[in-house]
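Chemist: For the numbering used here, add 1 to where a residue sits in the sequence shown, where the first one is 1. Glycine included, every Cβ here is placed at the ideal spot set by N, Cα and C. Computed from a predicted structure; not experimentally measured.
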Amino acid sequence: SRAEAESRLQPCKEAGYLVRNSESGNSRYSIALKNHHL
Numbered sequence: 002s003r004a005e006a007e008s009r010l011q012p013c014k015e016a017g018y019l020v021r022n023s024e025s026g027n028s029r030y031s032i033a034l035k036n037h038h039l
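(1) So, are the CB atoms of residue 4 and residue 35 less than 8 angstroms apart?
(2) Distance check for residue 21 and residue 28, CA to CA, integer angstroms please.
(3) What would DSSP say about residue 8, mapped onto helix, strand or coil?
(4) Which partner residues does residue 17 have in the DSSP bridge list?
(5) How big is the Cα-Cα spacing for residue 37 and residue 14?
Encoded structure:
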């Protein structure tokens, strides 16, 4: 889920990304990004 992706990226200090199954289904994916400079 989106909340789980956010919690997994929280400890990353500089940057990170995570690809997960989209909550809308239909064999789609979502990517979550974290960047220290944003």
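Modeler: Let me lay it out:
(1) What you label residue 4 is simply residue 3 of the sequence shown in a count that begins at 1. What you label residue 35 is simply residue 34 of the sequence shown in a count that begins at 1. No, the Cβ-Cβ distance between residue 4 and residue 35 is not below 8 angstroms.
(2) If you number the sequence shown from 1, residue 28 lands on position 27. If you number the sequence shown from 1, residue 21 lands on position 20. So the alpha carbons of these two residues sit roughly 11 angstroms apart.
(3) Along the sequence shown, read from residue 1 onward, the residue named residue 8 stands at position 7. Helix.
(4) On the sequence shown, position 16 is the one that residue 17 refers to. Paired residues: 35.
(5) Here the question's residue 37 lines up with position 36 in the sequence shown. Here the question's residue 14 lines up with position 13 in the sequence shown. Taking C-alpha positions only, residue 37 is separated from residue 14 by approximately 7 angstroms.
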